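Colleague: This is the structure I want to talk about, given as structure tokens.
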Amino acid sequence: MKKEDIPQDKSALDKFTKELCYAVDSSGNYVTELSRGWEVKATALDVAWQDIDKRISDVKQKVLNKEASPLLYFLELRLMDLIILSAYSGFWQWQIKRHMRPEVFEKLSTKKLEKYAKAFNVSVDELKTMKVNAI
Amino acid sequence: MQSEFKHLQAAHCENGVTSNLLKNIGVNITEPMAFGIGSGLFYIYIPFLKINNGPAIAFRTMPGNIFRRTCKSLGIPVVRKKFSSEKEAEKFLMECIAANQPVGCQVGVYYLTYFPKEYRFHFNAHNLIVYGKQDDNFLISDPVMENVTTLTTYELERVRFAKGPFAPKGQLYYPKKQTEVTNEQVKKAVVTGIKRNVRDMLHIPGPIAGVKGIRYTANKIKKWRDTLGLEKAGLYLAQLVRMQEEIGTGGGGFRYIYGAFLQQAQSFHPNVPLMDISKKFTQSGDLWRTAAVQASGIYKGRITAQQDFNVMADYLFEIAELEKQAFISLSKIKW
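This is the structure we're talking about:
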């Protein structure tokens, strides 16, 4: 890539930082240059987030339909998978899968709910009601 | 408490931490040199493993390798510690700061407050430097950021003890002060780095890594439209492009940084054609970016035919051949 071809497109990094790129100058030597972003990868990131948002709203509906417990909702909301949730909560993956059944979740002790709430960085109340926004 | 630390922005976090920590002890190693000596260039597609519901693809070597290999090659002793408790981890960090010792820390990105939300996934192999503390704020030099920043004690602890794959466990590391690194040592380190990279890209066993891994991915991509459906295939391609181009790569899946390394290494080895071979990596980086544009056509829904996936795959076949030739050229060098 030539230095003058480094894209300077709008990106999610705006207001945070520019990123350092490597490119060649007119005499073929490598130099560094800051870039605001590149539309091609900005769209890639958008596509990933559209998918995440869709997943979140899908599982929310599932929980409302009593097909899953709120754990599934928070798993998606916090971008986790079973391996990560297991590491944060201390539960085994098979336990988590079990707790994702609404009827099992209903009967979880406060102590267990607190573990999940901590793993998701929410309160027990928020965990039960799914009323939470920020990270 | 603050050491005389100088923040220099880099493309990639581990290169940057390595380069900046070494400069701090008077060893002048640039980011591309650290990347090359650490044999940073790689390619792997791990089938069956999913990351963020997409394919597991990497354009660089395993986290930790670049720092470890670079220091080892240059004969620089390294201090590296992991901790079982948050308290121990903080205590050791405070001792380093009291001794004016900047340290590299492995951290998770999900709770890294100075990153934009869109970039905060559960990725636990990010690296930054802690170089001081003022009141409750640790002074942070994150090499991918333009400027230095801060994290509170709580924020730093949370990212140092992020959980899941590659959990950092409070890991910190730094190169110990020692006598000067000679030109001769750097010269040798360049050769070691290149030879190891030739091995990783050309001779690694199995079909999923190195140059063969690029071909393997190309063959997969051809099938994605049928096996995954258009929407999911688009998501997979978007993930490929992110791994290749996102902040941290320097552009073109680290191929440009490697090109820069070969150029800089030329001055240590004036009689071998590193400048020429560097051009092949520039070409490869360019081709990766051309492929990314093609991929974006697919994930934007602008092009949807099987033929468009074939074109994408053909770019990757071309890249595989180009990189194969480039590494063969490197392997034939009489040092």
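Residue numbers (our numbering), protein chains in the order written: chain R, 136 to 270; chain C, 1150 to 1484.
We put the beta carbon where it would ideally sit given N, CA and C, even for glycine.
No experiment lies behind these values; they were computed from the predicted model shown.
1. So if I threshold CB-CB distances at 7 Å, which residues from the segment 1413-1435 of chain C count as touching chain R?
2. In chain R, which residues lie with their C-beta within 7 Å of the C-beta of I1406 of chain C?
3. Since L1300 of chain C and F1287 of chain C are thought to touch, with beta carbons under 8 Å apart, how far apart are those beta carbons, to the nearest angstrom?
4. If you draw a straight line from the alpha carbon of W1484 of chain C to that of N1346 of chain C, how long is it in whole angstroms?
5. In this structure, does DSSP put Y1192 of chain C in helix, strand or coil?
6. Sorted by chain position, which residues of the same chain lie with C-beta nearer than 8 Å to A1469 of chain C's C-beta, five sequence neighbours on each side aside?
7. Taking Cβ to Cβ, would you say G1342 of chain C is nearer than 8 Å to G1187 of chain C?
8. When the distance is taken between beta carbons, is M235 of chain R closer than 8 Å to L262 of chain R?
9. In chain order, what residues of the same chain have a beta carbon less than 7 Å from the beta carbon of T1431 of chain C, not counting five sequence neighbours either side?
10. Name, in chain order, the residues that DSSP records as bridge partners for T1301 of chain C.
11. Could you tell me the boundaries of the beta strand (DSSP E) in which E168 of chain R lies?
12. Where V1228 of chain C and P1251 of chain C are concerned, what is the direct C-alpha to C-alpha distance, given to the nearest angstrom?
13. Of all the residues that make up the segment 192-222 of chain R, which are near chain C by a beta-carbon distance shorter than 9 Å?
14. Just checking, does the segment 1259-1275 of chain C make contact with the segment 200-218 of chain R on the three C-beta pairs under 8 Å criterion?
15. Closer than 7 Å, Cβ to Cβ, to anything on chain C: give me those residues from the segment 171-187 of chain R, in chain order.
16. DSSP three-state call for P1422 of chain C: helix, strand or coil?
17. Can you tell me where the beta strand (DSSP E) with I1206 of chain C in it begins and where it stops?
18. Give me the DSSP bridge partner(s) of E154 of chain R.
19. How many whole angstroms separate the CB atoms of T1262 of chain C and E1329 of chain C, which I take to be in contact at a CB cut-off of 8 Å?
20. What does Y251 of chain R reach in chain C if we use C-beta pairs closer than 7 Å?
21. Please name the residues in the segment 1179-1190 of chain C whose beta-carbon is closer than 7 Å to at least one beta-carbon of chain R, in chain order.
22. Report the option in C:F1476, C:L1389, C:P1324 whose CA atom is closest to the CA atom of I1225 of chain C.
23. Would you mind stating whether I1215 of chain C and F1191 of chain C have Cβ atoms separated by less than 8 Å?
24. According to DSSP, is R236 of chain R part of a helix, a strand, or is it coil?
25. In this structure, does DSSP put L1471 of chain C in helix, strand or coil?
26. Within its chain, find whatever has a CB closer than 6 Å to the CB of S1427 of chain C; leave out the 5 residues flanking it on each side and keep chain order.
27. Beta carbons nearer than 7 Å to chain C: which residues of the segment 137-154 of chain R have them?
28. Measuring only the C-alpha atoms, how far is V1421 of chain C from A1414 of chain C?
29. Relative to the C-alpha of K1155 of chain C, which candidate in C:E1163, C:V1442, C:I1174 has its C-alpha closest?
30. Beta strand (DSSP E) containing R1229 of chain C: first to last residue?
Modeller: Taking the coordinates as given:
1. T1431, G1434, D1435
2. Taking the first residue of the second sequence as 1, we reach residue 1406 of chain C at position 257. Per Cβ cutoff of 7 Å: Y157.
3. Within the second sequence, the letter at position 151 stands for residue 1300 of chain C. Within the second sequence, the letter at position 138 stands for residue 1287 of chain C. Confirmed, Cβ separation roughly 5 Å.
4. Position 335 of the second sequence, counting from 1, holds the residue named residue 1484 of chain C. Position 197 of the second sequence, counting from 1, holds the residue named residue 1346 of chain C. Straight-line Cα distance between these residues: approximately 15 Å.
5. By one-based count along the second sequence, residue 1192 of chain C stands at place 43. Note: Y1192 of chain C maps to strand in three-state DSSP.
6. If you number the second sequence from 1, residue 1469 of chain C lands on position 320. The residues are V1360, K1361, I1363, R1364, A1367.
7. Numbered from its first residue, the second sequence carries residue 1342 of chain C at position 193. Numbered from its first residue, the second sequence carries residue 1187 of chain C at position 38. Against a cut-off of 8 Å, the Cβ pair of G1187 of chain C and G1342 of chain C comes out as a contact.
8. If you number the first sequence from 1, residue 262 of chain R lands on position 127. If you number the first sequence from 1, residue 235 of chain R lands on position 100. No; because the gap between Cβ atoms is not below 8 Å, this pair is not in contact.
9. Within the second sequence, numbered from 1, the residue matching residue 1431 of chain C stands at position 282. Correct list, in chain order: Y1405, G1408.
10. In the second sequence, counting from the first residue as 1, residue 1301 of chain C sits at position 152. According to DSSP, which records beta bridges pairwise, T1301 of chain C is partnered with C:N1286.
11. Here residue 168 of chain R refers to the residue found at position 33 of the first sequence. First-last of the beta strand (DSSP E) with E168 of chain R: 165-170.
12. Translated into the one-based positions of the second sequence, residue 1228 of chain C becomes position 79. Translated into the one-based positions of the second sequence, residue 1251 of chain C becomes position 102. Straight-line Cα distance between these residues: approximately 12 Å.
13. R213, L214, M215, D216, I218, I219, L220, S221, A222
14. yes
15. W173, V175, K176, T178, A179, L180, V182, A183, W184, D186
16. What you label residue 1422 of chain C is simply residue 273 of the second sequence in a count that begins at 1. Coil, per DSSP.
17. Your numbering for residue 1206 of chain C matches position 57 in the second sequence. 1203-1209 is the extent of the beta strand (DSSP E) around I1206 of chain C.
18. Counted from its first residue, the first sequence places residue 154 of chain R at position 19. BP columns for E154 of chain R point to R:S170.
19. If you number the second sequence from 1, residue 1262 of chain C lands on position 113. If you number the second sequence from 1, residue 1329 of chain C lands on position 180. Contact flag wrong, Cβ pair sits at about 39 Å.
20. Locating residue 251 of chain R in the first sequence gives position 116, where the first residue counts as 1. Per Cβ cutoff of 7 Å: no residues; Y251 of chain R is ~14 Å from chain C at best.
21. none
22. The residue labelled residue 1225 of chain C in the question sits at position 76 within the second sequence. The shortest Cα separation from I1225 of chain C among C:F1476, C:L1389, C:P1324 belongs to C:P1324.
23. As a first step, residue 1215 of chain C must be located in the second sequence, where it is residue number 66. As a first step, residue 1191 of chain C must be located in the second sequence, where it is residue number 42. Not closer than 8 Å, so no.
24. By 1-based counting over the first sequence, the position of residue 236 of chain R is 101. Coil at R236 of chain R, not helix or strand.
25. Along the second sequence, one-based indexing puts residue 1471 of chain C at 322. Note: L1471 of chain C maps to helix in three-state DSSP.
26. On the second sequence, residue 1427 of chain C is found 278 positions in, with the first residue counted as 1. So the qualifying residues of the chain are G1408, L1411, Q1412.
27. A147, L148, F151, T152, K153, E154
28. As a working mapping, residue 1421 of chain C is identified with position 272 in the second sequence. As a working mapping, residue 1414 of chain C is identified with position 265 in the second sequence. Roughly 10 Å separates the two Cα atoms.
29. Sequence index remark: in the second sequence, residue 1155 of chain C carries index 6 (1-based). Comparing Cα-Cα distances from K1155 of chain C to each of C:E1163, C:V1442, C:I1174, the minimum goes to C:I1174.
30. Translated into positions along the second sequence, residue 1229 of chain C becomes position 80. Taken as a continuous stretch (DSSP letters only), the beta strand (DSSP E) holding R1229 of chain C covers 1227-1230.
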